[in-house]
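Reading the sequence shown from the start, the letters are residues 696 to 1014 in the numbering used here.
Each residue gets a CB set at the ideal place from its N, CA and C atoms; glycine is no exception.
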Amino acid sequence: MTTTTTRAAVGAAPGSRPQAAEKPLVTFEQANRRLKWALLSPALGFVGLMIVFPLAFTINLSLTDAFGAVNAGNAYVGLQNFADALTDTRRFWPAVGRTVTFTLGAVVLETVLGLALAMLLRKAFRGMEIVRTILMVPLLATPVAIGILWMLILDPTNGIANHLLGFVGIPPQEFLGSVSQSLPTLMLIDVWQWTPMMTVLLLAGLTTLPEEPEEAARVDGANAWQRFVHIILPMLRTTILTALVLRGVDALKTFDLIYATKGPGGGSDFEAETLNVYAYGLTFDYQEYGLASAVLVLFTLFIVAIVVVLRRRTERSAS
């Protein structure tokens, strides 16, 4: 009697099996999250494959003596290609210097000019939409088309640039035809094309800034320059660093503009040869696929290091 009463108290009949615990119900948020990843997984897998396979293939090729044909019987040489590239003071390291010079010069000028234009376009004025539309025109053309356009403008004989310089007493310049002027000229062309993008990015950041700190500074008697330096710039720091990362990485990879204006090797004396142009020449002009792959791997590591440094600076400024 006691045993029967106890079993009845716990809701189980004599000789019956214990009931399995009920599975917890899946919430709507969990189901939505699972559906999201299920729908995204094919696209993510495809993108990952398109990134991982070329990168792995390039790294593998950089460890071989591939020359003349990629699919030939290539022998592994370890890090010899990397050693050859890093000890090449005739082409590799000058190309590194030109890449850094081009990127720093172009990005700094684009940031300064973009910020100045963003400050001018910050407040509404009559004809603002027309000005913004005209400002976006350089972004509509491809770099190759822009390179050809500027080759016509800067032609030493028939270009309009030298005619305009003659009006102010400046003698004709060779521009892209000069060994010393080629890289600065390419930097200015890049600035002309990509300053509008920096303007758009910085203008978007300016429109999100609160107006109260600037108004309080104006009431306290701060002039426009003081408000810009002590109020606007500190609040805009994260946006500026983000724009620098985006534009800096893109400028490091510049190839089409240089190749369209200077041709293979960045000119007869390699005066505008950057790492991208150098790797392209090794691949398609000299067919040194192993060495070219090693240069590309080093270039990728160089870009990743710069992005990591800039991202850390961005995180520190945000915190």
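Q) Are V940 and T753 closer than 8 Å when you measure CB to CB? A) Along the sequence shown, one-based indexing puts residue 940 at 245. Along the sequence shown, one-based indexing puts residue 753 at 58. Result no, Cβ atoms of V940 and T753 do not sit closer than 8 Å.
Q) To the nearest angstrom, how far is it from the Cα of N766 to the Cα of R786? A) Along the sequence shown, one-based indexing puts residue 766 at 71. Along the sequence shown, one-based indexing puts residue 786 at 91. If you take the alpha carbons of N766 and R786, they lie about 27 Å apart.
Q: Consult DSSP for Y1015 and reduce its assignment to one of helix, strand or coil.
A: Nothing about residue 1015 can be read from this structure; the chain reaches only from 696 to 1014.
Q. How many Å lie between T1009 and G768 at the Cα?
A. By 1-based counting over the sequence shown, the position of residue 1009 is 314. By 1-based counting over the sequence shown, the position of residue 768 is 73. The straight-line gap from Cα to Cα measures roughly 47 Å.
Q) From Q888 to N971, what does the alpha carbon distance come to, in whole angstroms? A) Taking the sequence shown and counting its residues from 1, the one referred to as residue 888 is at position 193. Taking the sequence shown and counting its residues from 1, the one referred to as residue 971 is at position 276. The straight-line gap from Cα to Cα measures roughly 19 Å.
**Q.** Nearest-angstrom Cβ-Cβ length linking L936 and L1005, presumed shorter than 8 Å
**A.** The residue you call residue 936 lines up with position 241 of the sequence shown. The residue you call residue 1005 lines up with position 310 of the sequence shown. The pair is a contact, with the Cβ atoms about 6 Å apart (cut-off 8 Å).
Q: Can you say whether Y981 is buried or exposed, counting buried as having 16 or more other CB atoms within 10 angstroms of its CB?
A: Working through the sequence shown from its first residue, we reach residue 981 at position 286. Exposed, since its Cβ has fewer than 16 Cβ neighbours within 10 Å.
Q | From A811, V826 and D951, residue whose alpha carbon lies closest to that of D885 | A | The count along the sequence shown starts at 1 and reaches residue 885 at position 190. Considering only alpha carbons, the answer is D951.
**Q.** For T798, the nearest candidate out of N755, E968 and L901 (CA to CA)
**A.** Walking along the sequence shown from the start, residue 798 turns up at place 103. Checked all of N755, E968 and L901; the closest Cα to T798 is E968.
Q) Smallest Cα separation from T978: which of A819, G763, V924 and F748? A) Within the sequence shown, the letter at position 283 stands for residue 978. Ranked by Cα distance from T978, the options A819, G763, V924 and F748 are led by G763.
Q | Coarse secondary structure for T784, derived from DSSP in three states | A | In the sequence shown, counting from the first residue as 1, residue 784 sits at position 89. Correct three-state label for T784: coil.
Q: Would you mind stating whether T759 and A751 have Cβ atoms separated by less than 8 Å?
A: Looking up residue 759 in the sequence shown gives position 64. Looking up residue 751 in the sequence shown gives position 56. No, Cβ-Cβ distance for T759 and A751 is not below 8 Å.
Q.
Is it buried or exposed, F741, if we count other Cβ atoms within 10 angstroms and call 16 or more buried?
A. On the sequence shown, residue 741 is found 46 positions in, with the first residue counted as 1. F741 is exposed by the Cβ-count criterion.
Q.
If you reduce the DSSP assignment to three classes, tell me which class T794 lands in.
A. Within the sequence shown, residue 794 is the residue found at index 99, counting from 1. If DSSP states are grouped into helix, strand and coil, T794 belongs with the helices.
Q: Give the range of the alpha helix (DSSP H) segment to which N971 is assigned.
A: Against the sequence shown, residue 971 aligns to sequence position 276. Segment L970 to Y975, the alpha helix (DSSP H) holding N971.
Q: Could you work out which residue in W732, E983, L904 and G916 is closest to T934 when comparing CA atoms only?
A: Reading the sequence shown from its first residue, position 239 is the one you call residue 934. Looking at the Cα atoms, L904 is the closest of the given residues.
Q: For the alpha helix (DSSP H) holding E910, just list the boundary residues, first then last.
A: For the purposes of this step, residue 910 is taken as the residue at position 215 of the sequence shown. Counting along the chain, the alpha helix (DSSP H) containing E910 begins and ends at E907 to V914.
Q: Count the other C-beta atoms from every protein chain shown that fall within 10 angstroms of the C-beta of K818, then say buried if there are 16 or more, exposed otherwise.
A: Counting from 1 along the sequence shown, the entry for residue 818 is found at position 123. K818 is exposed by the Cβ-count criterion.
Q.
Closer than 8 Å is the cut-off here; do at least three beta carbon pairs connect the segment 864-873 with the segment 845-854?
A. yes
Q) Can you name the start and end residues of the alpha helix (DSSP H) that K818 belongs to? A) Within the sequence shown, the letter at position 123 stands for residue 818. First-last for K818: undefined, no H or E at that position.
Q.
Using 8 Å as the cut-off, can you tell me whether the segment 949-963 makes contact with the segment 918-935, which would need three or more C-beta pairs spanning the two stretches below that distance?
A. Too few Cβ pairs lie closer than 8 Å, so no.
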